[in-house]
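Peer 1:
In the numbering used here, the protein residues as written are 127 to 258.
#1: Taking Cβ positions, are residue 219 and residue 187 nearer each other than 8 Å?
#2: In angstroms, rounded to a whole number, what distance separates the CA positions of residue 190 and residue 241?
#3: Whole angstroms is fine: what's the gap from residue 202's alpha carbon to residue 238's?
#4: Only counting the same chain, and skipping five residues up and downstream in sequence, which positions put a Cβ closer than 7 Å to that of residue 222?
#5: Contact check, residue 224 vs residue 213 under 8 Å by CB: the rounded distance?
#6: For residue 223, name the three-state secondary structure that DSSP assigns.
#7: Distance check for residue 183 and residue 176, CA to CA, integer angstroms please.
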């Protein structure tokens, strides 16, 4: 039985379409490449780096809620920081960290994480190191 041409596959009834194990390696590679190309096209504008990366349009300022969410997510995902007793407040792009952490390294790490978030103008670190 002859395989339908690629342009005819959409019109071919499902029962007569070739099953996955009947497809050849070229068809599978083409599908994989198409998926990769969709991924590249979708992420192109977000991943472009250059001398102007991180600079926004005139008058643009990220919302405090978005900055707050980003700082909290990054602290949550970092494996060397326990943010369980840390409070994050954001007002006019200034991040204030309050609470306690286990060590001086974690205090510095929390500040570095907050500083690395896009849109943060200043980080006020009021964290205290928990006494052992």
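Every residue gets a Cβ at the ideal spot worked out from N, C-alpha and C, and that includes glycine.
In this text, all values refer to a predicted model and were calculated from it rather than measured experimentally.
Peer 2: Short version:
#1: Here residue 219 is taken as the residue at index 93 of the chain shown, counted from 1. Here residue 187 is taken as the residue at index 61 of the chain shown, counted from 1. A contact, by the Cβ cut-off of 8 Å.
#2: Reading the chain shown from its first residue, position 64 is the one you call residue 190. Reading the chain shown from its first residue, position 115 is the one you call residue 241. So the alpha carbons of these two residues sit roughly 14 Å apart.
#3: Taking the first residue of the chain shown as position 1, residue 202 is located at position 76. Taking the first residue of the chain shown as position 1, residue 238 is located at position 112. Using only the alpha carbons, I get a separation of about 14 Å.
#4: Here residue 222 is taken as the residue at index 96 of the chain shown, counted from 1. Taken in chain order, the residues that qualify are 215, 250 and 252.
#5: Position 98 of the chain shown, counted from the first residue, corresponds to residue 224. Position 87 of the chain shown, counted from the first residue, corresponds to residue 213. That pair is a contact at about 4 Å.
#6: Locating residue 223 in the chain shown gives position 97, where the first residue counts as 1. Here residue 223 sits in strand by DSSP.
#7: Counted from its first residue, the chain shown places residue 176 at position 50. Counted from its first residue, the chain shown places residue 183 at position 57. In a straight line, the C-alpha of residue 176 is about 16 Å away from that of residue 183.
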